[in-house]
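Student: Chains as they are written, first to last, in the UniProt record's numbering: chain A, 1 to 317; chain B, 1 to 533; chain C, 1 to 529; chain D, 1 to 288. Glycine included, C-beta positions come from ideal geometry on N, C-alpha and C.
#1: Looking only at its own chain, which residues have a Cβ that is under 7 Å from the Cβ of residue 290(A), when we skip the five neighbours before and after it?
#2: Which residues bound the alpha helix (DSSP H) around residue 68(C)?
#3: Identify the residues that DSSP records as bridge partners of residue 109(C): which are they?
#4: In angstroms, rounded to a whole number, what distance separates the CA positions of residue 28(A) and residue 273(A)?
#5: Taking buried to mean at least 16 other C-beta atoms within 10 Å of its own C-beta, is residue 230(A) buried or exposed?
#6: Determine the extent of the alpha helix (DSSP H) in which residue 207(A) is found, giving its start and end residues.
#7: Output the distance between the C-alpha atoms of residue 302(A) and residue 426(C), rounded to the nearest integer angstrom.
#8: What residues match up with residue 132(C) in a beta bridge as DSSP calls it?
#9: Excluding sequence positions up to five away, which residues of its chain have a Cβ less than 7 Å from the Cβ of residue 204(B)?
#10: Using a Cβ-Cβ cutoff of less than 6 Å, which residues in the same chain neighbour residue 305(A) once the five nearest sequence positions on both sides are dropped?
#11: Compute the Euclidean distance between the alpha carbons of residue 488(C) and residue 506(C), then round it to the nearest angstrom.
#12: With DSSP run on the structure shown, which of helix, strand or coil describes residue 507(C)?
#13: Is the beta carbon of residue 199(A) sitting closer than 7 Å to the one on residue 260(D)?
#14: Could you have a look at residue 298(C) and say whether DSSP puts it in helix, strand or coil?
#15: Of the residues 57(D), 118(D), 76(D), which one's Cα is nearest the Cα of residue 48(D)?
#16: Would you kindly report the start and end of the unbroken beta strand (DSSP E) that includes residue 265(C)?
#17: Can you tell me which residues form a DSSP beta bridge with residue 498(C)?
#18: Please list, in chain order, the chain D residues whose beta carbon lies closer than 9 Å to that of residue 253(C).
#19: Give the secondary structure of residue 150(C) by DSSP, where H, G and I count as helix, E and B as strand, and everything else as coil.
#20: Would you report the Cα separation of residue 206(D) and residue 78(D), rounded to the nearest angstrom?
#21: Under 6 Å from any heavy atom of the ligand HEM, does the C-beta of residue 390(C) make it?
#22: Do residue 90(A) and residue 283(A) come within 7 Å of each other at the CB atom, strictly closer than that value?
#23: Taking the alpha-carbon positions, what's the residue 161(D) to residue 164(B) distance?
#24: Among the candidates 107(B), 135(B), 103(B), whose CA atom is the shortest distance from the CA of residue 117(B)?
#25: Is any beta-carbon of chain A found at less than 7 Å from that of residue 513(C)?
#26: What residue range is occupied by the uninterrupted beta strand (DSSP E) comprising residue 94(C)?
#27: Is it true that the segment 414-431 of chain C meets the segment 377-392 of chain C, where meeting means three or more beta-carbon pairs spaced less than 8 Å apart?
#28: Mind checking which residues open and close the beta strand (DSSP E) that includes residue 442(B)?
#29: Is the number of C-beta pairs between the segment 208-223 of chain A and the segment 59-77 of chain B that are closer than 8 Å three or more?
#30: Measuring alpha carbon to alpha carbon, tell me which residue in 360(C), 292(C), 312(C), 356(C) is nearest residue 328(C).
#31: For residue 42(B), which of helix, strand or coil comes out of DSSP?
#32: Does DSSP put residue 525(B) in a helix, a strand or coil?
#33: Name the DSSP bridge partner or partners of residue 494(B)?
#34: Note down, in chain order, each residue of its chain lying with its Cβ closer than 7 Å to the Cβ of residue 263(A), except the 5 sequence neighbours on either side.
#35: Just reading off the beta strand (DSSP E) that residue 476(B) is part of, what are its end residues?
#36: Span of the beta strand (DSSP E) holding residue 235(B)?
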């Protein structure tokens, strides 16, 4: 469909603009931070001469726009530049941090979808009854609990008091898959808020869809309850939920920063925090690009799925 | 009460020793919050017969019809007996077939699910093919032959007629012995109506019992074998259609059946040369996202003279609403000029001066949607006089009240919220809202479609009175319905965006020239002929 | 001048890591309430721990530096860096528990009469590749550190050495030529980051070669480093087979990992964590006393603190006990406005200062500074800073002084407070008193946060550095400290403990050494019971 | 022909409608505790007592002492206002910007105006919110007001999109065209009608957004942004006192419960307000 193609093309163009804007914004912000990598590195030994020497060693004495231009030129060739503080390539930072974060995110999303949809459908199915009340109020409450608080709580209960699970992923390095038990709590914490919002969204959509004439019609014609729920009502409840799912990437990122710190998982969130603290601008930039591209691609994907699910939204007259 | 007597006697069919009914309702009472919306209704649906429930909106006919499907309003208390033949539930064709088609699934989804249940006893590998065959058969029975491609489409990609036939095919595939058709022809033009009538007749011919819920008396007369007349939840009269038409016993039935056009043709005003509104070389486009602009209307020349009424007739999608909206300034995307008294009107309402706004007023098809649901009707109507004529609030309210009551709205109703008024009342209020501007040109866009006969007649009467009382107002009546068009002095016929014919009403109605107009007239005639009028 | 003690550097790092963890940088320590350290605080390593057992792998959790971490010992900046560096490398000397220099790779040192030429003899030691540690290695290492194009931290410490004139006098002996007399030359050898690397070593990320007790097995920056026992270590092979350093920036994560048995050693815990687990037998809590000086720095070159009566009034405003209890959660000891409690040369004869609001008011009145308004700069840069600031604000209010607490950026705090403002929160890790003076209290000091510029004070320092006799030198230091006690710019209200947690089977952890001294984070003497 | 056995239909369809009043009462009950504490707490807080050692339970302190030895109960009394105010202010601010932007975007027929207003927000939407907060916060070291502004800023794009979508829906209704035909003012059309029509959508969104804002404020505190680390603020208390969780749990549990009550309660209230009022229009077509 040409309509679809031009839609995708326009969205991609917007995505590129978004990513560029994000990078510029991040660059401007990191440049505007008081102090630079040299000051940050000097710490409580702010000997001016030493700061100057470090600055020179890091090539920070060059004007900001020159550094940006050089970095951007490199980016065009797929080169993310090198870290100011360690001199290692930024791509290495990204590559090393990407694994654990991707694993966490993928696991979370993989569980998020069935859990969120399952709970939402369950609540909608028993609308107004105990199961619904229970699910609704629990999701509401858990939604309000920040990750760090939940993380501490879960660790205290399941790892320290009961001793069922390892409290952190310390020492497991990037090979987290070999220690599935260590992943359980982090994923649970990451899952908590998105699941709640997704479940609530699916519930609302399902309540509407199940009451919609087409669902009643299908039921009237003898189609089984489960089939009506999943094959006929759910696709209609899906579109807003899928949009929300794309929005979850932002949440996951927030959550990942906290969760990685809490459970000692060396992923992108940790890299980001360190880079911001060290004023390691190229690394922050690289991350901004990665996150920007991810956000754009996921949103585009969500739009396409939503478009597929609710075809009226896109093409309808 | 006479109703009592009538209702206790079940439909005439049961007196015959004819075939057993495939569905039967006995002494149905549906109550919400202690108020009965259906009370003591009996109904028998016989195979191959069309049983019609007629009545104004709110008379309980829909509730009764849906009871056959086992559906009741939420929170309702139901007593009585509903029986349906065991081999297949009742089929249902709603007024808006799109509402029962799942927007997120292809057309084939529900058909597949229905067919699957029927092929369970076949060997696994044969099931698919067998199900497919059944589906195609059902579609072809519903007059959708060669529908393979259609199955892959989404509901919104089908035309209204196709949607209706798909819904019908679902019922046929199901093997329904009874099919409830809810207002299948409401708001449709004569050509479509006649097609639907044929279709329902074909259903009955297949031995299916059809329960027709309608306020379209032409269709009822053309189709029904038995008619139940409902009012306020009760059946006031029932019997074979001929008997009812020829000798209605109940006063309400008489009122309902009094279909003669209220009034036709005043003398057209002497042609006073300068038109009040003049359209030249109008080309309107629609833009829908990907496809780019499509031209939906071309009107080289159209004029409206002071005191004149012009009916614009056409099928749905012919561009007549777009024409009206262009004139009202609600459809910006057009070229060409619209002159008011010789001066060009800005394209968009937003750029029109108050005087210009007041001069051209527009009444919407869907009155309920055209009112703010949060404010009392009177307030909203009065605002026209405040904004467009600079009246202060007090006098505006006074005038609004006078206009509203003049149009037949009870004074106490004017202080209510729109949701508390009936469709007919709201349409009157909408008319009042436009009239308060003292318009030179009043554009009425299908304002009677979707209303039952009695209400419609009331509105049309109000319009007629208006034309008589205010000689300076020119009326533009957008309609698909030739009966309403009779009201006008002149008629313009639109087809597929082109203005195919225009002229004095009697000339168009008696000797149409364009082939399309001819076919339109013929179908209407055929429908009326069927009704035996 | 002098060495930079290791100490403070780590803090910025910490805090950087601590970025996430507002509470992270624990620091402060002792249960001043109960007045006693944990069990076994009676003496140093080993006692009561039974006979050392050989073997096993110890996992130690530190706050780390993320993916930018390096094994280059000269770049060591954080506690984790230092702990790794001292496992892989040696310095010529290191600090004892009282911050006096103890010989390490240097077997002995000998000065000439004028204290500007020092003969250093190396002990017999080998690098992990079997090559002996030679004078050339030492000179190469020092010259690398002093490279003006690099910003190595120890460069400033080595400044007194004239490296062009210094030379090897034998395979294992060097003559260091100094630019001026320096009685505390051994402190330079113990300076933070002054590690000895093999001649011409430039790359350290892939299996670096050192002379320390452990050899590098693997290193993943920001995650973990695995080192193996070096059997030919000059001081005797470590008890442990292997040590793994893991990075966990969140304090709670370190504690949880320790409680969950994922690590056996957790560095830098919160006082409250310590209190929670001190006596429940799950883990062992170790408090390293006097590890971090806590105070306020008054800029003595500007109003209102250019008047020494105002400074004295401020000394009297502070309720030190309340500050230690509140800001350090009780984990520390009160201070007496002098740096280096318990260190060599500390003037412990001076009377403990107490809060005296009446005299403080009187002094302020004399100085014409009633209704004084001061801005106190603070930042979440170190644990206890903001708490101390608000507590002190409340205390000052009782003396009629209005303090406006201004919270600044963590990342640039130290360079912000160096020259601007009048009053700020300050802290310092352990370093010799001499280093504290040379870095912070001389006219030419690079980090003179109190702007203490006094020619006579500078002269006293030079005099001390030219005094060969320890006793005489101690007398000069005492004079200097008395001066600072009377009207100096540092209001030092406490010394925080440094708190470690270990699994109960970990033995041989030194309980006396302040953070950054030789026996702190020294894993070659540790064993698993 | 067989017939289905006739079914006795009475009562089968008597659907229990969830009682709205009950929902309101529950929401009110849950939210009133934190709200009353937030509003009146400071009045009753009184003068600060002497500091005790940190994290000591009991000993004249109802809920023990916090991480710097202050009375937890007093901190609780003082700490509600900033949380509630920051969260409410941030939510309100977000809408203050999002509403006009969304309304104008939905009502204007000028494509360029819509694009200029909404495209920049799309860009902002692509910035991970925590990254934005971290960066801006480190540049500006915001105070409570700054934090509210920042959190509001993060919420604006999303809120504006929701307002625009809902308003576009309402603006496409004939009622708006009818208002235009009446020559009604922009204000009455946009605010009086469209604004009024999207109120329910907004209320629903505001409920979740408030929770999200509270979450952000609390997480920002966890990351050390925006509030003084020793401020009397429930979110900060939860974070700062959590080191003492094992020694003195009250310092964490009490403020945490209050925050959860605040968000849960407000959501319950919004839910109740939104709960579809039972069918009022008995005459209309029954919903199937």
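Tutor: In this structure, then:
#1: Result list for residue 290(A): 94, in chain order.
#2: From DSSP, residue 68(C) is part of no alpha helix (DSSP H); its letter is neither H nor E.
#3: Beta-bridge pairing links residue 109(C) to 120(C).
#4: Cα to Cα, the separation comes out at about 17 Å.
#5: Residue 230(A) is exposed by the Cβ-count criterion.
#6: Counting along the chain, the alpha helix (DSSP H) containing residue 207(A) begins and ends at 180-211.
#7: For residue 302(A) and residue 426(C), the distance between alpha carbons rounds to 52 Å.
#8: In DSSP, residue 132(C) forms a bridge with 126(C).
#9: Correct list, in chain order: 48, 49, 50, 210.
#10: 242.
#11: Rounded to whole angstroms, residue 488(C) to residue 506(C) spans 43 Å at the Cα level.
#12: Here DSSP, grouped into helix, strand and coil, assigns residue 507(C) to strand.
#13: Not a contact, by the Cβ cut-off of 7 Å.
#14: Three-state DSSP puts residue 298(C) in a strand.
#15: Relative to the Cα of residue 48(D), the nearest Cα in the group 57(D), 118(D), 76(D) belongs to 76(D).
#16: Its beta strand (DSSP E) spans residues 265-267.
#17: Residue 498(C) is bridged to 288(C).
#18: Simply none; closest approach about 13 Å.
#19: Looking at residue 150(C) - three-state DSSP - the assignment turns out to be coil, as it is neither helix nor strand.
#20: Approximately 25 Å between the Cα atoms of the pair.
#21: Of ligands this structure carries none, so the ligand HEM is not represented either.
#22: One thing to note: residue 283(A) has its Cβ within 7 Å of the Cβ of residue 90(A).
#23: For residue 161(D) and residue 164(B), the distance between alpha carbons rounds to 36 Å.
#24: Comparing Cα positions, the closest option is 135(B).
#25: Chain A contact via Cβ: absent.
#26: 93-95 is the extent of the beta strand (DSSP E) around residue 94(C).
#27: Flag = yes, the segment 414-431 of chain C and the segment 377-392 of chain C touch.
#28: 441-445 is the span of the beta strand (DSSP E), which, as asked, contains residue 442(B).
#29: Flag = yes, the segment 208-223 of chain A and the segment 59-77 of chain B touch.
#30: Restricting attention to 360(C), 292(C), 312(C), 356(C), the CA atom closest to the CA of residue 328(C) is found in 292(C).
#31: DSSP places residue 42(B) in strand when its eight states are reduced to three.
#32: In the displayed model, residue 525(B) falls within a helix according to three-state DSSP.
#33: Under DSSP, residue 494(B) shares a beta bridge with 499(B).
#34: Beyond the five residues adjoining it in sequence on each side, residue 263(A) comes within less than 7 Å, by CB distance, of 168, 169, 185, 186 in the same chain, given in chain order.
#35: Element bounds for residue 476(B): 474-479.
#36: It spans 234-240 - the beta strand (DSSP E) in which residue 235(B) sits, taken as one unbroken run.
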